[in-house]
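Numbering-wise (the numbering used here), the sequence shown opens with residue 58 and increments by one. For each residue, glycine too, the CB sits at the ideal point set by N, CA and C. Structure record follows, encoded as structure tokens.
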Amino acid sequence: MIQAKRLGHVVLNVRDAEKSRDFYTQTLGLKVAHENLERGAVFLSFGKEHHDLALFQQATGEPPARTQPGLHHVAWRLDNFEELKAAYQELKRMGVPLDSTAEHNVTRSVYFWDPDGNRVELYCDMVENGFETMQSVGPKRDPLDLE
58 MIQAKRLGHV VLNVRDAEKS RDFYTQTLGL KVAHENLERG AVFLSFGKEH HDLALFQQAT
118 GEPPARTQPG LHHVAWRLDN FEELKAAYQE LKRMGVPLDS TAEHNVTRSV YFWDPDGNRV
178 ELYCDMVENG FETMQSVGPK RDPLDLE
């Protein structure tokens, strides 16, 4: 069996590489590692890996509905609940389209949409050992008030 160590990076097809680059650098603090806008490619990083997210510009096509097979969302971890609350307020201030907030038994989460309709999650962990919690009680979804 292949034993992968962790998820390395995510690549998203986007309609406008520059617009998406600006969105991810301004909302999540990613830095441009490399870009070739003539080819519609942007590679973004938090500064430790060669890239964490790549954006490839595609000329046509609509993203699949969340009820169709394909990517459901991409999640980015924050260090603590205070950072999550501050991020929620910042997303609102920036006018980013918000989807929902949730308190899971292992995380607290804010969900929002990128310019291409991709669902994005910011979350902070709530428990020390999330794997044990997921194994024993499974996931849950309760409302989370961040106002």
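Determine the extent of the alpha helix (DSSP H) in which residue i is found, giving its start and end residues.
i      : result
LEU85  : 74 to 85
PHE169 : Per DSSP, PHE169 belongs to no alpha helix (DSSP H); it is in the beta strand (DSSP E), 164 to 170.
Check the C-beta distance from residue i over to residue j and give it rounded, since I have them as a contact under 8 Å.
i      : j      : result
VAL131 : VAL184 : About 22 Å; that fails the 8 Å criterion.
ASP73  : GLN114 : 7 Å
VAL71  : THR82  : The pair is not a contact, with the Cβ atoms about 13 Å apart (cut-off 8 Å).
TYR180 : ARG134 : 6 Å
HIS129 : ARG176 : 7 Å
VAL153 : THR84  : 6 Å
DSSP on residue i, reduced to helix/strand/coil?
i      : result
LEU179 : strand
VAL153 : coil
LEU101 : strand
ALA111 : strand
ALA144 : helix
VAL194 : helix
GLU106 : coil
GLU185 : coil
GLU204 : coil
GLU139 : helix
THR117 : coil
THR124 : coil
ALA159 : strand
ASP173 : coil
Hey, could you find the ends of the beta strand (DSSP E) residue i is sitting in?
i      : result
VAL67  : 67 to 71
VAL89  : 88 to 93
ARG96  : Unbroken run through ARG96: none, as it is neither H nor E.
ARG134 : 131 to 134
**Report entry** Inter-stretch contact at 8 Å, needing at least 3 Cβ pairs: the region 140 to 156 / the region 98 to 112
**Finding:** no
Query raised in the report: Does the pairing of the region 144 to 158 with the region 101 to 113 give three or more beta-carbon distances under 8 Å?
Result: no
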